[in-house]
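Protein chains: 2
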Amino acid sequence: MTAEPVKLPEHERAYRALREMVLYGELAPGQPVTIQGLADLAGLGMTPVREAIRRLTSQGALVFKGNRRVEVPELTLAQYGELAFARRAVEPELARRAVENMEKTDISALEEEDAALDAAIARGDVRGYLQHNHLFHAKLYALSGAHVLIAISEMLWLRSGPPLRVMLGRHGTANLPDLHREALAAMRAGDATAVAEAILGDIEQGIAQVSRSLGATEGGETGQGLR
Amino acid sequence: MTAEPVKLPEHERAYRALREMVLYGELAPGQPVTIQGLADLAGLGMTPVREAIRRLTSQGALVFKGNRRVEVPELTLAQYGELAFARRAVEPELARRAVENMEKTDISALEEEDAALDAAIARGDVRGYLQHNHLFHAKLYALSGAHVLIAISEMLWLRSGPPLRVMLGRHGTANLPDLHREALAAMRAGDATAVAEAILGDIEQGIAQVSRSLGATEGGETGQGLR
DNA sequence: CGCTTCAGAATATGATCAAAAATCGGGCTG
DNA sequence: CAGCCCGATTTTTGATCATATTCTGAAGCG
Numbered sequence: 001m002t003a004e005p006v007k008l009p010e011h012e013r014a015y016r017a018l019r020e021m022v023l024y025g026e027l028a029p030g031q032p033v034t035i036q037g038l039a040d041l042a043g044l045g046m047t048p049v050r051e052a053i054r055r056l057t058s059q060g061a062l063v064f065k066g067n068r069r070v071e072v073p074e075l076t077l078a079q080y081g082e083l084a085f086a087r088r089a090v091e092p093e094l095a096r097r098a099v100e101n102m103e104k105t106d107i108s109a110l111e112e113e114d115a116a117l118d119a120a121i122a123r124g125d126v127r128g129y130l131q132h133n134h135l136f137h138a139k140l141y142a143l144s145g146a147h148v149l150i151a152i153s154e155m156l157w158l159r160s161g162p163p164l165r166v167m168l169g170r171h172g173t174a175n176l177p178d179l180h181r182e183a184l185a186a187m188r189a190g191d192a193t194a195v196a197e198a199i200l201g202d203i204e205q206g207i208a209q210v211s212r213s214l215g216a217t218e219g220g221e222t223g224q225g226l227r
Numbered sequence: 228m229t230a231e232p233v234k235l236p237e238h239e240r241a242y243r244a245l246r247e248m249v250l251y252g253e254l255a256p257g258q259p260v261t262i263q264g265l266a267d268l269a270g271l272g273m274t275p276v277r278e279a280i281r282r283l284t285s286q287g288a289l290v291f292k293g294n295r296r297v298e299v300p301e302l303t304l305a306q307y308g309e310l311a312f313a314r315r316a317v318e319p320e321l322a323r324r325a326v327e328n329m330e331k332t333d334i335s336a337l338e339e340e341d342a343a344l345d346a347a348i349a350r351g352d353v354r355g356y357l358q359h360n361h362l363f364h365a366k367l368y369a370l371s372g373a374h375v376l377i378a379i380s381e382m383l384w385l386r387s388g389p390p391l392r393v394m395l396g397r398h399g400t401a402n403l404p405d406l407h408r409e410a411l412a413a414m415r416a417g418d419a420t421a422v423a424e425a426i427l428g429d430i431e432q433g434i435a436q437v438s439r440s441l442g443a444t445e446g447g448e449t450g451q452g453l454r
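Residue numbers (the numbering used here), protein chains in the order written: chain A, 1 to 227; chain B, 228 to 454.
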């Protein structure tokens, strides 16, 4: 089940590694990233790293920072609002479509993911929360078979990951959104509309919390305004 | 006002060139694309071309075919439906937001683009139609300042371009959607909702035509079904 | 305070290695 | 005897690396 042991090209490995670093908050927003630094870190030549960075930048997971540096973008509240708008439009639809193709074993796999997520929350494990939360949604959406919408969703998650990580770093894993139970119950009942609603609610809760977090920093702490 | 005469790196030039080829139908769906072929064609080394192709594939404008080949994807009707869903969700919103930031000179620029578009239609110039139609929408959306949504929209256009080109190749430039006049009138009136509706209508007309075109080929011509 | 110089990083090139596809030849079968 | 299929060779293509070149940022000097 581990698929190919050593079969994917190095630039693909570099891409996935960097991708997870962004998605699961191992790179903080504003933290500069150099090609050579990553190449040395990963023990790779710089060409594969270069290509991985290009792919990530074209997805908005990294941005060219003025001069020559690449870094994880710091989102403004307005930009996060755009993300939220798109996620509300796309993800419930993915959930709805996923229910059509769903087998019992798929539901079981999602339940396992949710259990791992709860365990991470109980442990206060931020990285574990981010990982299993993403996997829960990703696995659900993958069932839809809607590759175009999935690609959009992946891009949105890549951009949402870092601010979510920042919020978690401040408030810990308490009071986290978890409407996954409701979603799973609706899946077992085969009620696509209820699943879509549960997912929408789950997203909304996360959006609200991150928006509050972003609003707080923009208001005072990091002087983004005048002066 | 031509900005930087010779200032962008070669991989950026390669990216833009390839991007326009996909967007404006110079590469047909199913047509294979080789790195070295493009490198020789553009007179560049293969590294910049390589990176350009990576960026395009990560946006879905190109796909890895089997193992070694890269080509413009041929969409199924279902996949085009996903594109349509996302475009309906994103583009009217972009149009709505654009109206907020709109100056009189912006409207003039859009009118010029629309005039060039009409001229291309009258001329039966397919490439010109694709180009000015894209630029009309792209310039409008750019005014919104919503970079995240713009990125999504660009990705959707990259995927929609080739099937639109195929449809045009079959039916010519007759009966093309053009609710741009209505959109422009609403812009002058400052009515954001009416602009969004006009854009939605414009999109819907295009979607309907391409869907019919795709449905026809899948039904019979290209034996995609059994036998 | 402005200009020049220096250092570091990114870009681009070419070569080299590995893999896959297409082609060609031989053997087998009808 | 002719046609077809299978396998090996060849050629094309892609991936990676090491290196040279260029550009940007910063520091030092006039």
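Virtual Cβ for every residue (Gly too), placed ideally from N, Cα, C. Every value quoted in this text rests on a predicted model; they were computed, and no experiment measured them.
*asked:* Which residues does DSSP list as the beta-bridge partners of Phe291/B?
replied: Val297/B
Residue-level contact to chain B via CB, Ser58/A, 7 Å cutoff: With respect to chain B, the C-beta atom of Ser58/A has a partner C-beta closer than 7 Å.
Through-space distance from Leu411/B to Ala423/B, alpha-carbon basis
11 Å
| request: Helix, strand or coil for Pro259/B, going by three-state DSSP, please let me know. | output: strand
Cut-off 8 Å between Cβ atoms - residues of its own chain near Glu221/A, not counting five sequence neighbours on either side
Interpretation of Glu221/A is limited by its pLDDT of 46, a score under 50 that renders its predicted location unreliable; the figure taken from the coordinates is listed afterwards. Here the set comprises nothing.
- Message: So His374/B contacts chain A; which residues on that side make the cut at Cβ distance below 9 Å?
- Response: For His374/B, the C-beta contacts it makes with chain A under 9 Å involve Gly60, Gln79 and Glu82, in order along the chain.
**Prompt:** So, using beta-carbon positions, are Pro458/B and Arg314/B closer together than 7 Å?
**Reply:** Because residue 458/B is not part of the residues shown, which for chain B are 228 to 454, the question remains open.
| request: Could you tell me the distance, in whole angstroms, from the CA atom of Leu302/B to the CA atom of Pro256/B? | output: 8 Å
Please check if any C-beta of chain A sits within less than 7 Å of the C-beta of Ile379/B. yes
Should Leu77/A and Leu214/A be called a contact, given that it needs their Cβ atoms to be closer than 7 Å? yes
Check: Cβ of Pro275/B versus every heavy atom of the ligand ZN: is any distance shorter than 6 Å?
Finding: Questions concerning the ligand ZN fall outside what the structure shown contains, since it holds no ligand whatsoever.
Handout entry: Best match in Met248/B, Gly399/B, Arg281/B and Ala316/B for proximity to Tyr15/A [C-alpha to C-alpha]
Key = Arg281/B
> Taking Cβ positions, are Ile152/A and Val90/A nearer each other than 7 Å?
Replying inline: yes
Requested in this report: Please check if any C-beta of chain B sits within less than 7 Å of the C-beta of Glu51/A.
Outcome: yes
Next item on the list: For chain A, find out if any of its Cβ atoms is closer than 7 Å to the Cβ of Ala316/B; answer yes or no.
Entry: At least one chain A Cβ lies under 7 Å of Ala316/B.
Going along chain B, which residues have a C-beta under 8 Å from Ala86/A? Contact of Ala86/A with chain B by beta-carbon distance below 8 Å involves Ala316, Val317, Val375, Leu376 and Ile379.
Checklist line | Unbroken alpha helix (DSSP H) run spanning Gly355/B, endpoints | finding: Val353 to Ala369
*When you check each C-beta in the segment 315-340 of chain B against every C-beta of chain A, which residues fall closer than 8 Å?*
Ala316, Val317 and Glu320
### Query
Taking C-alpha atoms, which residue in Ile426/B, Met394/B and Arg439/B lies nearest to Arg323/B?
Ile426/B
| Looking at chain A, which residues of the segment 346-357 of chain B have a Cβ within less than 8 Å of any of its Cβ atoms? | none
**OP:** Determine the burial state of Gly206/A: buried for a count of at least 16 other Cβ atoms within 10 Å of its Cβ, exposed for fewer.
**Re:** buried
Q: Tell me where the alpha helix (DSSP H) around Pro162/A begins and ends.
A: For Pro162/A, the enclosing alpha helix (DSSP H) has its first and last residue at His147 to His171.
query = Does the count of Cβ pairs from the segment 129-142 of chain A and the segment 269-279 of chain B closer than 8 Å reach three?
reply = Fewer than three Cβ pairs drawn from the segment 129-142 of chain A and the segment 269-279 of chain B lie within less than 8 Å of each other, which leaves the two stretches out of contact.
- Message: By alpha-carbon positions, which one of Arg19/A, Glu82/A and Ala39/A ends up nearest to Ser213/B?
- Response: The structure shown does not extend to residue 213/B, since chain B is modelled only from 228 through 454, so no value can be given for it.
Quiz item: Thinking C-beta only, is Leu406/B closer than 7 Å to Gly388/B?
Solution: It is not a contact, given that the beta carbons lie outside the stated cut-off.
*asked:* Comparing C-alpha positions only, which one of Glu253/B, Arg408/B, Ala435/B and His238/B sits nearest to Glu298/B?
replied: Glu253/B
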